[in-house]
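**Q** Protein chains in written order, with my numbering: chain R, 120 to 493; chain Z, 120 to 493. The C-beta atom is built at its ideal place from N, Cα and C for all residues, glycine as well. Sharing a structure below in structure tokens format, with a few things to ask.
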């Protein structure tokens, strides 16, 4: 039977994640993988989760297993509001911050509407924007020929570049947004993972009336919980709330109580300290290894935090074409061109430094340098 | 600041759940509520959850907290495949069966596309179809003037009517679907909650090549986990899989391992036996109380399972208008007209018999009968 005629027009614009396709082909444990955006499993507070889940089932009983409010359980909204200095009504819990991207796009963009983004940018955001058939344009060179719905940015330790917007860049963006009258979707999953340098104010703090700020538990707790949040103006959150009713009614309840207890009790901050120390050492090691092994003509970013850095190889090297050879040699990365709106920059690649054991990094980078050298 | 101009066209078709609005107004515990579709908290296997979560964290360790496959963890797909006699490749895990409805609609329907449904039908499905601006038509009286994308049905213990499709009705629907060449979305959250009568084959078993069958853990385990599944042809599941990447990457991992262990170990079946006994008694009590207290001219359905029955009052009684009076008196229901595609049948109401303690049912039904009598 043929199914093509049954599909909606959106389906024609769906994009398969090349990262997830890589993971289908190969067992991550058998190679040196700099490909995914996986946190180091050593940062997962398994003992805390064991203790807190028992505690929460004791404290809330059946309530932890029943349906709950679409906005999220009050206890979790409360601790997030407190931590980030906002009112509870400005907090919507999402079932992952990927859902945050999806629901913002759904509520704001029609097919053909302009969404601005830096280029390169997060693949999962591009997937979402494309799936809604938005007109994705690059922030840096947009000519303002059509009105803009929103601009999507990851100001801190960007995925994939690892770069952080300066205060001046943030203020310039806010001025632009006010001048041309559009909104900001600020994706902020890595913000609390800073290893050096000084924190800059969030875009949400600079333009609260125009910003939907997406937070995530994936990098500061554990991605398996699929919990995130949106901070924003109540007028926007209200439509997101109604949309979320038909998306999944409410986020998972037991998981929310666990996250609330983890964040509210101080366990998150204790764990974060350890994660930051671990990742800082990994970043420093990665930078030293690139310095040691990469051939001349290869350059890379120097992130102050997050999980990624971005390599630029000499013009003419094609990291998409190189990929199968690298995989056969036993090392994985994500080709940089996947993160560019127009698929350009085929001489770039994203490297993740959070996932691989520090002890295996050197062999992996040496292998990668050899593949590039050839 | 005005936000209206930023919203997508879909937003204009969003529908607020009147059920969820009721819950905002009033504390459920303070009244006799026949309104929601909440399971009885006494059916939640809290001890099993406590035991199994510790066990699963021990067994899978960090894997239970890491990202996982978009299709769901293999262990959960496996036990579902086994229980329902399908291949693992025909199982997609969803983050709630509401997400199942949403993703099916997203992948199949463009604005203006025809979706057929029985009328009345599940409110959350109507919300989803409306949010995509589909052309929602009634199965019983459709004139076939436009091609149909799919037909949405709840064959077993329907929400809100409580009614079950006979084998002849199922076969007739399958014949119709094949004749007019469209698909079926079979929503099946209550199927395992049968209190009397004989099970009928699923539509999925009668027309596997044309059916997306939605299952849910909410009524046989606990709704707080927000886990469901879709059984269907791989060609359809493949696009649903790609769509789900941009919706939320993957379902919650720890919750999936807990559900897999609960279902695979036999704990689900043991718990289901107890739930069925409890709900059968509640249904029987509810039917007896309606018989005892309802004034002449009121009739109701006699469900063989599920959580709901449906009342029809004399012509001219308006249950929407009656609602505030009922609430003031201390009893809640959902007006039946909300479940009709055209908002008709204002003399009907849905009553839930699963949530309220059996000991409080009599006072609630007596109160409701008095409000109707007036």
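#1: So who's on the other strand from residue 468/R, going by DSSP bridges?
#2: Check whether the segment 317-328 of chain R touches the segment 145-155 of chain R, taking contact to mean three or more Cβ pairs, one atom from each stretch, closer than 8 Å.
#3: Quick check: the segment 186-196 of chain R against the segment 208-218 of chain Z, are there 3 or more CB pairs under 8 Å?
#4: Looking only at its own chain, which residues have a Cβ that is under 7 Å from the Cβ of residue 401/Z, when we skip the five neighbours before and after it?
#5: Rounded to the nearest angstrom, what separates residue 469/R and residue 387/Z at their Cα positions?
#6: Between which residues of its own chain and residue 160/R is the CB-CB distance below 7 Å, once the five residues before and five after are set aside?
#7: Please tell me whether residue 119/Z and residue 333/Z are closer than 8 Å, where the distance is taken between their beta carbons.
#8: Strictly by DSSP, which residues pair up with residue 255/R?
#9: Is there a C-beta anywhere in chain R that falls below 8 Å from the one on residue 217/Z?
#10: With DSSP run on the structure shown, which of helix, strand or coil describes residue 212/Z?
#11: Using the Cα positions of residue 342/R and residue 128/Z, report the straight-line distance between them to the nearest angstrom.
#12: With 9 Å as the C-beta to C-beta threshold (strictly closer), list the residues of the segment 333-356 of chain R near chain Z in chain order.
#13: I'd like to know whether the C-beta of residue 493/Z is nearer than 8 Å to at least one C-beta of chain R.
#14: In terms of residue numbering, what span does the alpha helix (DSSP H) encompassing residue 122/Z cover?
#15: Please list, in chain order, the chain Z residues whose beta carbon lies closer than 9 Å to that of residue 328/R.
#16: Alpha helix (DSSP H) containing residue 362/Z: first to last residue?
#17: Compute the Euclidean distance between the alpha carbons of residue 200/Z and residue 337/Z, then round it to the nearest angstrom.
#18: Taking the C-alpha atoms as reference points, what is the distance between residue 205/Z and residue 292/Z?
#19: What does residue 260/R touch in chain Z if you count any residue whose Cβ is under 7 Å from its own?
#20: Go through its chain and collect everything with a Cβ distance to residue 236/R's Cβ below 8 Å, but skip five positions before and after it.
#21: Taking all protein chains shown into account, decide if residue 158/Z is buried (16 or more other Cβ within 10 angstroms of its Cβ) or exposed.
#22: At a Cβ threshold of 8 Å, is residue 371/Z touching chain A?
#23: Would you report the Cα separation of residue 413/R and residue 456/R, rounded to the nearest angstrom?
#24: Kindly indicate the opening and closing residues of the beta strand (DSSP E) around residue 349/Z.
#25: Classify residue 436/R as helix, strand or coil using the three-state DSSP reduction.
#26: Among 165/Z, 375/Z, 178/Z and 339/Z, whose alpha-carbon lies nearest the alpha-carbon of residue 182/R?
#27: Please name the residue, chosen from 263/R, 230/R and 240/R, that lies closest to residue 251/R on a Cα-to-Cα basis.
#28: What residues in its chain sit with their C-beta under 6 Å from that of residue 356/Z, if we drop five residues either side in the sequence?
#29: Taking 8 Å as the threshold (C-beta atoms), are residue 430/Z and residue 467/Z in contact?
#30: Output, in chain order, the set of chain R residues within a Cβ distance shorter than 9 Å of residue 362/Z.
#31: Residues of chain R with CB closer than 8 Å to the CB of residue 367/Z, please, in chain order.
#32: Considering residue 412/R, what are the terminal residues of the alpha helix (DSSP H) in which it resides?
#33: Where does residue 273/Z fall in DSSP's three states?
#34: Can you tell me the Cα-Cα spacing of residue 133/R and residue 285/R, whole angstroms?
#35: Please compile the residues from chain Z whose C-beta is within a distance smaller than 9 Å of the C-beta of residue 190/R.
#36: What are the start and end residues of the beta strand (DSSP E) that includes residue 304/Z?
**A** Short version:
#1: The sequence position of residue 468/R within the first chain is 349, counting from 1. According to DSSP, residue 468/R bridges with 430/R and 454/R.
#2: no
#3: The count of Cβ pairs closer than 8 Å, one atom from the segment 186-196 of chain R and one from the segment 208-218 of chain Z, stays below three, leaving the stretches out of contact.
#4: Numbered from its first residue, the second chain carries residue 401/Z at position 282. Hits under 7 Å: 472, 473 and 477.
#5: By 1-based counting over the first chain, the position of residue 469/R is 350. By 1-based counting over the second chain, the position of residue 387/Z is 268. Going from the Cα of residue 469/R to the Cα of residue 387/Z covers about 44 Å.
#6: Translated into positions along the first chain, residue 160/R becomes position 41. Within the same chain, residue 160/R has no close Cβ partners at all.
#7: An answer regarding residue 119/Z cannot be provided, because it is not within the stretch 120 to 493 covered by chain Z.
#8: For the purposes of this step, residue 255/R is taken as the residue at position 136 of the first chain. Beta-bridge pairing links residue 255/R to 234/R.
#9: On the second chain, position 98 is the one that residue 217/Z refers to. Closer than 8 Å: yes.
#10: Here residue 212/Z corresponds to residue number 93 of the second chain, with the count starting at 1. Three-state DSSP puts residue 212/Z in a strand.
#11: Position 223 of the first chain holds residue 342/R. Position 9 of the second chain holds residue 128/Z. Each residue's alpha carbon lies about 32 Å from the other.
#12: Identification of residues in the segment 333-356 of chain R having a C-beta nearer than 9 Å to some C-beta of chain Z yields 337, 340, 341, 342, 343, 344, 345, 346, 352, 354 and 355, given in sequence order.
#13: As a working note, residue 493/Z is residue 374 in the second chain. No - not a single Cβ of chain R is within 8 Å of the one on residue 493/Z.
#14: Against the second chain, residue 122/Z aligns to sequence position 3. From DSSP, residue 122/Z is part of no alpha helix (DSSP H); its letter is neither H nor E.
#15: The sequence position of residue 328/R within the first chain is 209, counting from 1. For residue 328/R, the neighbours in chain Z by C-beta distance under 9 Å run, in chain order, 120.
#16: Mapped onto the second chain, residue 362/Z falls at position 243. Start and end: 353-367.
#17: One-based indexing of the second chain puts residue 200/Z at position 81. One-based indexing of the second chain puts residue 337/Z at position 218. Between residue 200/Z and residue 337/Z, the C-alpha separation is close to 18 Å.
#18: Reading the second chain from its first residue, position 86 is the one you call residue 205/Z. Reading the second chain from its first residue, position 173 is the one you call residue 292/Z. The straight-line gap from Cα to Cα measures roughly 22 Å.
#19: In the first chain, residue 260/R corresponds to position 141, counting from 1. Simply none; closest approach about 23 Å.
#20: Stepping through the first chain from its first residue, residue 236/R is reached at position 117. Around residue 236/R: 244, 245, 248, 255, 256, 257, 258, 270, 271, 272 and 460.
#21: Residue mapping note: residue 158/Z aligns to position 39 of the second chain, counting from 1. By the 10 Å Cβ count, residue 158/Z comes out buried.
#22: Protein chains in the displayed structure are R and Z, and chain A is not among them.
#23: Position 294 of the first chain, counting from 1, holds the residue named residue 413/R. Position 337 of the first chain, counting from 1, holds the residue named residue 456/R. Looking at the two C-alpha atoms, the distance is approximately 20 Å.
#24: Your numbering for residue 349/Z matches position 230 in the second chain. First-last of the beta strand (DSSP E) with residue 349/Z: 347-350.
#25: As a working note, residue 436/R is residue 317 in the first chain. DSSP places residue 436/R in coil when its eight states are reduced to three.
#26: Within the first chain, residue 182/R is the residue found at index 63, counting from 1. If we check each option's Cα against that of residue 182/R, 165/Z comes out closest.
#27: Stepping through the first chain from its first residue, residue 251/R is reached at position 132. The residue among 263/R, 230/R and 240/R with its C-alpha nearest the C-alpha of residue 251/R is 230/R.
#28: Taking the first residue of the second chain as position 1, residue 356/Z is located at position 237. Only 211 meet the Cβ criterion.
#29: The residue given as residue 467/Z occupies position 348 in the second chain. The residue given as residue 430/Z occupies position 311 in the second chain. Cβ distance < 8 Å, so residue 467/Z and residue 430/Z count as in contact.
#30: Residue numbering aside, residue 362/Z sits at position 243 when the second chain is read from its first letter. Per Cβ cutoff of 9 Å: 129, 130, 133 and 250.
#31: Counted from its first residue, the second chain places residue 367/Z at position 248. 214, 215, 217, 218, 221 and 345, listed in chain order.
#32: Walking along the first chain from the start, residue 412/R turns up at place 293. Per DSSP, residue 412/R belongs to the alpha helix (DSSP H) from 386-412.
#33: The residue you call residue 273/Z lines up with position 154 of the second chain. DSSP places residue 273/Z in coil when its eight states are reduced to three.
#34: Against the first chain, residue 133/R aligns to sequence position 14. Against the first chain, residue 285/R aligns to sequence position 166. Residue 133/R and residue 285/R: Cα-Cα distance of roughly 34 Å.
#35: Residue 190/R sits at position 71 when you count from the first residue of the first chain. None at all; the shortest Cβ gap to chain Z is about 10 Å.
#36: Residue 304/Z sits at position 185 when you count from the first residue of the second chain. Looking at the DSSP string, the run of the beta strand (DSSP E) that includes residue 304/Z is 302-306.
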